[in-house]
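> Below: one structure in structure tokens.
There are 2 protein chains.
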Amino acid sequence: MEASKSKKQTILEAAAELFRDRGYVATSMRDLADAVQLKASSLYNHISGKEEILQTICFQNANRFLAGMKEIEKRPINNTDKVKALIHLHIQIATEDFTSITAFNDEWRHLSDPELSRFKELRRDYELRFKSIIQAGIDAGEFVSVDTTIALFTIISAVRWIYDWFKPNRAISMDQLEEQIERILLGGLGVKGV
Amino acid sequence: MEASKSKKQTILEAAAELFRDRGYVATSMRDLADAVQLKASSLYNHISGKEEILQTICFQNANRFLAGMKEIEKRPINNTDKVKALIHLHIQIATEDFTSITAFNDEWRHLSDPELSRFKELRRDYELRFKSIIQAGIDAGEFVSVDTTIALFTIISAVRWIYDWFKPNRAISMDQLEEQIERILLGGLGVKGV
DNA sequence: CCTACCGATCGGTAGG
DNA sequence: CCTACCGATCGGTAGG
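Chains A and B, in that order, are what the protein sequence lines are.
Residue numbers for the first sequence follow the numbering used here, beginning at 8 and rising by one.
Residue numbers for the second sequence follow the numbering used here, beginning at 8 and rising by one.
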């Protein structure tokens, strides 16, 4: 059970790739079966249905972001460095696991309740925690006084689509990518000498 | 033909709304027919098929962005003001027409060739024009020296998802929204006193 | 893990 | 603009 990648894991990874390329709805169980060299009916020996796959991808990533957030919250650093760490977290997840992150970003709305509501709650929790850090940074005089909602979504959106256009093989290294995005976003918050 | 909104226009608007809420693939012609009080077969008296609707939405918006870009390019203003005008353009389109803009942003990949290739070309053209303005701003000493690709996509992404979270009825007015986003993004490019 | 198959639904057409 | 209907494909199950 630990020997090699389990068949279930293989299925989940192939599904994430198909969901990214064609979307959840446009990916059929037969497409997925072909990708893992199985007949469609055999998939059901490993998973309970199509939506279980989507649920797994969505909640795995949601939990990853939240775990990263909670770890960063506990660090004894100022708010500027926390925002930097969060930008780093987003970029790291987006570049490390860019297949499943696309499905996570774009396909969660095809979840059914109660999972859909639970997913939205997790996302909202994450956003509120992020917003608190921005607010704390403003209160501490680290950032200029901006609307925290606008700042939050500007930052999240700016890093959200990295997987869409960042090709790791380009003239830009991952470190440069991160340094420049930090400079633009933190510079925008009025932090000097980012 | 000019008396009231044509039936075709009604269908296109209902489709944009359904595509936004459920996605292109998950919206059936029967869903759409119900929304405009018709039988599915009657839709084909107004449109040639499902994909024509998607094409119309995608290219209408692509042309709107490009027309705005070309108008801004011609203005006798500096690059800082051009970037401001482009941010204004994105925010304006996103808030004015936020239904079809969602379909435009998220569903274009379901186009088939040759329309898919044509759409990507239009988008690339827009991006290159935007990038040229950023580069010109750097050359003129208006912006700090950043990677133009990173700056371009950071800006585009940051304004791309406004329709996702901006509720016009909130405590933030559209002018405030725009002013604050400009401040964050242009501040990030090193422009003083935005 | 497969063959065989289910009812439901898809985009679209024929014909009036 | 409708009724009636087409072949294709969907997610999933029965049974071995």
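Built from N, CA and C at the ideal position, the CB exists for glycine as well.
Quick caveat: nothing in here was measured; it's all calculated off a predicted structure.
Should A:S49 be labelled buried (16 or more other beta-carbon atoms within 10 Å of its own) or exposed?
Here residue 49 of chain A refers to the residue found at position 42 of the first sequence. Flag for A:S49 reads exposed.
> Using a Cβ-Cβ cutoff of less than 6 Å, which residues in the same chain neighbour A:K89 once the five nearest sequence positions on both sides are dropped?
In the first sequence, counting from the first residue as 1, residue 89 of chain A sits at position 82. I79 and I140.
> Would you verify that the beta carbon of A:L19 is, or is not, closer than 8 Å to some beta carbon of chain B?
Numbered from its first residue, the first sequence carries residue 19 of chain A at position 12. It does not; no Cβ of chain B falls within 8 Å.
> Could you tell me which of A:R27, A:A47, A:K14 and A:F72 sits nearest to A:F126, measuring between CA atoms?
As a position in the first sequence, residue 126 of chain A is number 119, starting the count at 1. The option with the nearest alpha carbon to A:F126 is A:F72.
> Check the Cβ of B:A42 against every Cβ in chain A and list those closer than 9 Å, keeping chain order.
As a working note, residue 42 of chain B is residue 35 in the second sequence. Simply none; closest approach about 18 Å.
> Would you tell me roughly how many angstroms separate the C-alpha atoms of B:L118 and B:Q62, rounded to the nearest one?
Stepping through the second sequence from its first residue, residue 118 of chain B is reached at position 111. Stepping through the second sequence from its first residue, residue 62 of chain B is reached at position 55. Computed Cα separation, rounded: 7 Å.
> Could you tell me how far apart the beta carbons of A:L159 and A:E189 are, in whole angstroms, since I believe they sit closer than 8 Å?
Translated into the one-based positions of the first sequence, residue 159 of chain A becomes position 152. Translated into the one-based positions of the first sequence, residue 189 of chain A becomes position 182. Contact doesn't hold; Cβ gap of about 16 Å is too wide.
> Does any residue of chain B bring its CB to less than 8 Å from the CB of A:K164?
Here residue 164 of chain A is taken as the residue at index 157 of the first sequence, counted from 1. Going by the sequence as given, residue 164 of chain A is Ser instead of Lys. At least one chain B Cβ lies under 8 Å of A:S164.
> Are any of the Cβ atoms in chain B nearer than 8 Å to that of A:D38?
Here residue 38 of chain A corresponds to residue number 31 of the first sequence, with the count starting at 1. Not an interface residue.
> Please go through the same chain and pick out, in chain order, the residues whose beta-carbon is closer than 7 Å to the beta-carbon of B:L192, but skip the five residues on each side of it.
The residue given as residue 192 of chain B occupies position 185 in the second sequence. Only I94, I162 and A165 meet the Cβ criterion.
> Can you tell me which of the three DSSP states B:H97 falls into?
Walking along the second sequence from the start, residue 97 of chain B turns up at place 90. If DSSP states are grouped into helix, strand and coil, B:H97 belongs with the helices.
> At the level of alpha carbons, what is the spacing between B:G194 and A:Y170?
Against the second sequence, residue 194 of chain B aligns to sequence position 187. Against the first sequence, residue 170 of chain A aligns to sequence position 163. Cα to Cα, the separation comes out at about 25 Å.
> Helix, strand or coil, according to DSSP, for A:L118 in the structure here?
One-based indexing of the first sequence puts residue 118 of chain A at position 111. If DSSP states are grouped into helix, strand and coil, A:L118 belongs with coil.
> Please check if any C-beta of chain A sits within less than 8 Å of the C-beta of B:W168.
For the purposes of this step, residue 168 of chain B is identified with residue 161 of the second sequence, where counting begins at 1. It does; some Cβ of chain A falls within 8 Å.
> Assign B:R5 to buried or exposed, taking buried as 16 or more other Cβ atoms, counted over all protein chains shown, within 10 Å of its Cβ.
Residue 5 of chain B cannot be examined here, being either before or after the span of chain B that is shown, 8 to 201.
> Using DSSP with H/G/I as helix, E/B as strand and the rest coil, what is A:W168?
As a working note, residue 168 of chain A is residue 161 in the first sequence. The answer is coil: DSSP assigns A:W168 none of H, G, I, E or B.
> Measuring CA to CA, which of A:T87, A:A22 and A:A147 is closest to A:E58?
Looking up residue 58 of chain A in the first sequence gives position 51. The candidate whose alpha carbon is nearest that of A:E58 is A:A22.
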